[in-house]
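Trainee:
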Amino acid sequence: MKAKRKLITDRPQITDSEIIKHKKPFDELIKTYNAGGGSGSAGASGLKALSSYFGWGAGIIGALAVAATIYFSEFSPSESPKEEVVVQQNDSLTLEGNDSTTTPLRKINPPYPELVKYEYFNVKNNRRPVTITTKNGTVIKIPANAFVDSTGKRIHKNIVIKYRDFYDPVDFFLSGIPMDYDSAGTNYTFSSAGMFEISAVSKDKNLYLTEGKVIELEFVSQYDDAYNFYKYDTVTNKWEFRYKEDKSDLEIINTDQAVAKEETTAETEGDSLLNTAEETGGLSITANDIVEERKCENIIRQVEKGVIKVGDKGGYCFPAKGLVDEKTSLGLIDDSLVFKIKEGQNFSGSYFSVVWDTVYLLRKAGGDTVNKFYIYLKRNSAVYSYEVEPVINQEYYSSAKREYRKLTAARKARITAARKRQKKVTVATNSLKSWTVRRKVQIIDLGLYNHDTPLPRPLNAAKGPVTIFADNGKPLYYKNIFVTQPEKNVLWKYDKRWYYSSSLKNIGWIVTGDGKLAIIYPENFTGKSPGNKITAKVYDVKRGLAILNRMI
Amino acid sequence: MNGTTEIQVGTAEIPPEILNEIRDVYEKEYASVFRFVYSRLDNSDDAADIVSGSFLKALQSAGKFEKRQGATVKSWIYRIALNEVLLFYRHKKVERKYYVEEKHLNRILSDTDYEEPVTEVLKQSLEQLSDNEYELIQMKYFDGLSFAEMASVLGKSEESLRVKTHRIRRRMHDAILRLSRSKGVEILLTISLLFIAVL
Numbered sequence: 003m004k005a006k007r008k009l010i011t012d013r014p015q016i017t018d019s020e021i022i023k024h025k026k027p028f029d030e031l032i033k034t035y036n037a038g039g040g041s042g043s044a045g046a047s048g049l050k051a052l053s054s055y056f057g058w059g060a061g062i063i064g065a066l067a068v069a070a071t072i073y074f075s076e077f078s079p080s081e082s083p084k085e086e087v088v089v090q091q092n093d094s095l096t097l098e099g100n101d102s103t104t105t106p107l108r109k110i111n112p113p114y115p116e117l118v119k120y121e122y123f124n125v126k127n128n129r130r131p132v133t134i135t136t137k138n139g140t141v142i143k144i145p146a147n148a149f150v151d152s153t154g155k156r157i158h159k160n161i162v163i164k165y166r167d168f169y170d171p172v173d174f175f176l177s178g179i180p181m182d183y184d185s186a187g188t189n190y191t192f193s194s195a196g197m198f199e200i201s202a203v204s205k206d207k208n209l210y211l212t213e214g215k216v217i218e219l220e221f222v223s224q225y226d227d228a229y230n231f232y233k234y235d236t237v238t239n240k241w242e243f244r245y246k247e248d249k250s251d252l253e254i255i256n257t258d259q260a261v262a263k264e265e266t267t268a269e270t271e272g273d274s275l276l277n278t279a280e281e282t283g284g285l286s287i288t289a290n291d292i293v294e295e296r297k298c299e300n301i302i303r304q305v306e307k308g309v310i311k312v313g314d315k316g317g318y319c320f321p322a323k324g325l326v327d328e329k330t331s332l333g334l335i336d337d338s339l340v341f342k343i344k345e346g347q348n349f350s351g352s353y354f355s356v357v358w359d360t361v362y363l364l365r366k367a368g369g370d371t372v373n374k375f376y377i378y379l380k381r382n383s384a385v386y387s388y389e390v391e392p393v394i395n396q397e398y399y400s401s402a403k404r405e406y407r408k409l410t411a412a413r414k415a416r417i418t419a420a421r422k423r424q425k426k427v428t429v430a431t432n433s434l435k436s437w438t439v440r441r442k443v444q445i446i447d448l449g450l451y452n453h454d455t456p457l458p459r460p461l462n463a464a465k466g467p468v469t470i471f472a473d474n475g476k477p478l479y480y481k482n483i484f485v486t487q488p489e490k491n492v493l494w495k496y497d498k499r500w501y502y503s504s505s506l507k508n509i510g511w512i513v514t515g516d517g518k519l520a521i522i523y524p525e526n527f528t529g530k531s532p533g534n535k536i537t538a539k540v541y542d543v544k545r546g547l548a549i550l551n552r553m554i
Numbered sequence: 125m126n127g128t129t130e131i132q133v134g135t136a137e138i139p140p141e142i143l144n145e146i147r148d149v150y151e152k153e154y155a156s157v158f159r160f161v162y163s164r165l166d167n168s169d170d171a172a173d174i175v176s177g178s179f180l181k182a183l184q185s186a187g188k189f190e191k192r193q194g195a196t197v198k199s200w201i202y203r204i205a206l207n208e209v210l211l212f213y214r215h216k217k218v219e220r221k222y223y224v225e226e227k228h229l230n231r232i233l234s235d236t237d238y239e240e241p242v243t244e245v246l247k248q249s250l251e252q253l254s255d256n257e258y259e260l261i262q263m264k265y266f267d268g269l270s271f272a273e274m275a276s277v278l279g280k281s282e283e284s285l286r287v288k289t290h291r292i293r294r295r296m297h298d299a300i301l302r303l304s305r306s307k308g309v310e311i312l313l314t315i316s317l318l319f320i321a322v323l
């Protein structure tokens, strides 16, 4: 039987004095930790060891994390099961000079590794091309026979694609990915139009893209300007410039300026699309909901109970999860309110397979007892309207609408907040973010990529004090301070000296020594704090992130 | 906010009590950690690099360290060091080696009676264990960690480690008996063949 390891019993024992020769004073270790430079120090030798571990090709760190996770699956700590991965995937060593304008060497180091999430896609057979659509709507086109293992052997089966993307300063913060870029000795920070990471594994082994194969992405983004495209080099821990995007790389998702104007006006006035529709007595759903509608189509004949009209193939469903038909006398299909298209109109069945930008349902007073209902379907500049008949008892319509509104209020609030924040005209997708363009990307190796524009330190920068105090007056321990300006999609990460824009709105935060989030609100940057003090409000992580997401 | 006084960050981001504990472990346990690493590596320079690197990592992650379920800074550093060794081997892509003093081998079998010395078969049976099983034996019998310390390093309960170690030892005992027997048969066959040849 082949031995699984070599056991050697004839090496002479090492003595204490030999061990002590290797031991440097602890203060040297601290010095290395603080300044990261001391040649010949214990820390430097540790650094040498670390850099040797991580000095590999792109994607290897991710592979290590996966491999180490599996190896330690039996021994993983019960109290913090992901900690093994933390140490290996996210270790960082900061080499910093005396000023933040020097080039720091950082590695990927998420502040809360347990919050690092990937999307996983199983590719059972890659003998044929595969197309993947991510949660946010990015399309990944993988050619046939795309992957090989480290020995060059082609891998077709049981491939897992790992993907994640990052769009705003909170995403960048949680990812721990360095956003620094060095150009001609000057350090810049990226203003990003979106970042993504893609890797592939099979049976615990990291896979690589076959030479000559190209993965194409249609990467959804909120910014319709041409940016630079970079790849993160895990050997040098720096971003490498790949190319400058051309306008032709950007496919505009929504060009309907008329709709744009209308929606922007509604948002400016503080109304969402839903509110606008409600004022005219109707309901509105987004393109996202229509996907559910299509599911309803096939079972529409099941609607029998408590309704005055039974839907047919012209029926139209509105999601209303949680409503109980006995209680409200609504006609429900698969938890949806149902209408049907009134006969005699030129309604095409193919409309059910269209993902509309917007769908309105409007109610118009039709006399003493009868209301008329119209459905409006909008996509780009095309608008269709049809009269529909509700398959619910009309006397209950108002109460049903109220209940429906109540159930969807939270969702509406999220959509409204997202739209207000972005001030963009968009197509709603499965996520809360809204996208204006699809950026066409071709990659010839797996790894971490970024659409960015490097920005220098904020203009009119003011220097921030090192000591930050909690609102109870106690000083807060921290390693890095993060600063963003909502007007720019950029996250400044400072180690020692930090700056903020004295002319723009700033939001800052730190991870405290005990792992909480302390937020410096915009008003605390304005110099109201007495003397040298700047204060931050401490939150647990979940709450802190929710607040940051709301503010940014 | 302009013109503010700058304060050197220094080690301010490391909670002082954790910093003191790391310093304490470094001063008092450096040799133990070194031996722990060295017994898994070829040479002392690599071991020194890994030990320094492990303490540096501890400093970097000090803010995240939480004392839960008996976890100590010492066991946490052992764990980091163990991970570092694993990374080292993955990077080097070489066969894993362990260095054990021969006199320590019999610690595993201290409460078991064998008529013949079993060092060679014991080595063979240790080489057949899975990585995780071997680590348990290495930590317990060669690194000299207690079950409580092992539990803290590996993030498992003391009880489960006791049970696992017991089972591994029992299996090793059976394997040793089998190997000894087959070795005995081999010797007997060799002697018989020699005897026949002489005749």
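So the protein sequences, as listed, match chains A and B. The first sequence begins at 3 in this note's numbering and counts up by one. The second sequence begins at 125 in this note's numbering and counts up by one. Heads up, the beta-carbon is just placed ideally off N, CA and C, and yes, glycines get one too.
Does the distance from the CB of Val-161 (chain B) to the CB of Ile-201 (chain B) come in under 8 Å?
Mentor: Cβ atoms of Val-161 (chain B) and Ile-201 (chain B): not closer than 8 Å.
Trainee: Suppose the cutoff is 8 Å on Cβ atoms and the five residues either side in sequence are ignored; what does the same chain contact list for Gln-347 (chain A) look like?
Mentor: Tyr-388, Glu-389
Trainee: Within the same chain, show all residues whose beta-carbon is closer than 6 Å to that of Ile-217 (chain A), passing over the 5 residues directly before and after it, in chain order.
Mentor: Here Ile-217 (chain A) has Ile-144, Ile-445 as same chain residues with Cβ atoms under 6 Å from its own Cβ, once five neighbours each way along the sequence are excluded.
Trainee: Using the Cβ count rule (16 or more neighbours within 10 Å means buried), how would you classify Ile-22 (chain A)?
Mentor: Around the C-beta of Ile-22 (chain A), fewer than 16 other C-beta atoms lie within 10 Å, and the residue is accordingly described as exposed.
Trainee: Helix, strand or coil for His-453 (chain A), going by three-state DSSP, please let me know.
Mentor: strand
Trainee: Going along the chain, which residues of its own chain have a beta-carbon closer than 6 Å to the beta-carbon of Phe-56 (chain A), five neighbours each way excluded?
Mentor: Note that Phe-56 (chain A) scores a pLDDT of 34, beneath 50, so its modelled location is shaky; the value from the coordinates is reported in the next line. Counting only Cβ-Cβ distances below 6 Å, and skipping sequence neighbours, we find nothing.
Trainee: Which chain B residues sit within Cβ distance under 8 Å of Tyr-35 (chain A)?
Mentor: Those within 8 Å of Tyr-35 (chain A) in chain B are Thr-135, Leu-180, Leu-183, Gln-184.
Trainee: Would you report the Cα separation of Asn-643 (chain A) and Ala-538 (chain A), rounded to the nearest angstrom?
Mentor: The requested residue 643 (chain A) does not occur in the structure, where chain A is confined to residues 3 to 554.
Trainee: Pop quiz: Asn-452 (chain A) and Pro-171 (chain A) are said to be a contact at Cβ under 8 Å. What is the actual Cβ separation, rounded to whole angstroms?
Mentor: About 14 Å; that fails the 8 Å criterion.
Trainee: Beta carbon of Ile-232 (chain B), beta carbon of Leu-260 (chain B): below 8 Å?
Mentor: no
Trainee: Does the distance from the CB of Asn-579 (chain A) to the CB of Asn-128 (chain A) come in under 8 Å?
Mentor: The requested residue 579 (chain A) is not part of the displayed model; chain A covers only 3 to 554.
Trainee: Run through the DSSP bridge pairs and tell me what Thr-191 (chain A) is partnered with.
Mentor: Looking at the DSSP assignment, Thr-191 (chain A) forms a beta bridge with A:Asp-182, A:Leu-457.
Trainee: What do you reckon, are the CB atoms on Glu-251 (chain B) and Val-197 (chain B) nearer than 8 Å?
Mentor: 8 Å or more divides the Cβ of Glu-251 (chain B) from the Cβ of Val-197 (chain B).
Trainee: Return no unless some Cβ of chain A is closer than 8 Å to the Cβ of Ala-205 (chain B).
Mentor: No - not a single Cβ of chain A is within 8 Å of the one on Ala-205 (chain B).
Trainee: Throw me the rounded Cβ distance for the Phe-271 (chain B) and Arg-286 (chain B) pair, which I believe falls under 8 Å.
Mentor: The C-beta distance from Phe-271 (chain B) to Arg-286 (chain B) rounds to 6 Å, short enough to meet the 8 Å contact threshold.
Trainee: Are the beta-carbon atoms belonging to Ala-464 (chain A) and Tyr-502 (chain A) less than 8 Å from one another?
Mentor: yes
Trainee: Any beta carbon from chain A within less than 8 Å of Ser-176 (chain B)'s own beta carbon?
Mentor: Chain A, which has a Cβ nearer than 8 Å to the Cβ of Ser-176 (chain B), makes this yes.
Trainee: Would a C-beta distance cut-off of 8 Å place Pro-113 (chain A) and Val-443 (chain A) closer than the cut-off?
Mentor: no
Trainee: Does Gly-268 (chain B) get closer than 8 Å to chain A when you measure Cβ to Cβ?
Mentor: No, no contact with chain A.
Trainee: Report all residues from its chain with a CB closer than 7 Å to the CB of Ile-204 (chain B); omit the five preceding and five following residues, and keep chain order.
Mentor: Ser-178, Lys-181, Ala-182.
Trainee: Express the C-alpha separation of Ser-156 (chain B) and Asn-230 (chain A) in angstroms, rounding to a whole number.
Mentor: 51 Å
Trainee: Which residues in the same chain have their Cβ closer than 6 Å to the Cβ of Lys-207 (chain A), if we skip the five residues on either side of it in sequence?
Mentor: Once the five neighbours on either side are set aside, the close Cβ partners of Lys-207 (chain A) are Asp-151.
Trainee: Note the first and the last residue of the continuous alpha helix (DSSP H) segment covering Glu-257 (chain B).
Mentor: 255-261
Trainee: Run through chain B and tell me which residues come within less than 7 Å of Arg-459 (chain A), C-beta to C-beta.
Mentor: Those do not exist, as Arg-459 (chain A) stays about 14 Å from chain B at its closest Cβ, beyond 7 Å.
Trainee: Are there 16 or more other CB atoms within 10 angstroms of the CB of Thr-238 (chain A), so buried, or fewer, so exposed?
Mentor: Answer is exposed; the Cβ neighbour count stays below 16.
Trainee: Taking DSSP's pairing of strands, which residues face Gln-444 (chain A) in a bridge?
Mentor: Assignment of beta-bridge partners to Gln-444 (chain A) by DSSP yields A:Glu-218.
Trainee: If you follow the beta strand (DSSP E) that Lys-8 (chain A) is in, where does it begin and where does it stop?
Mentor: 8-10
Trainee: List the residues that DSSP assigns as beta-bridge partners of Met-197 (chain A).
Mentor: Answer by DSSP bridge pairing, in chain order: A:Phe-168, A:Asn-452.
Trainee: Around the Cβ of Phe-189 (chain B), are there at least 16 other Cβ atoms within 10 angstroms (buried) or fewer (exposed)?
Mentor: buried
Trainee: Can you give me the C-alpha to C-alpha distance between Lys-426 (chain A) and Phe-484 (chain A), rounded to a whole angstrom?
Mentor: Note that Lys-426 (chain A) scores a pLDDT of 40, beneath 50, so its modelled location is shaky; the value from the coordinates is reported in the next line. Taking the straight line joining both Cα atoms gives about 26 Å.
Trainee: Between which two residues does the alpha helix (DSSP H) holding Arg-147 (chain B) run?
Mentor: 140-162
Trainee: Going by DSSP, which residues form a beta bridge with Pro-477 (chain A)?
Mentor: Pro-477 (chain A) is bridged by DSSP to A:Phe-471.
Trainee: Assuming Leu-9 (chain A) contacts Lys-247 (chain B) under a Cβ cut-off of 8 Å, what Cβ separation, rounded to an integer in Å, is found between them?
Mentor: 5 Å
Trainee: Can you tell me whether Leu-478 (chain A) is buried or exposed? The criterion is at least 16 other CB atoms within 10 Å of its CB, across all chains shown.
Mentor: buried
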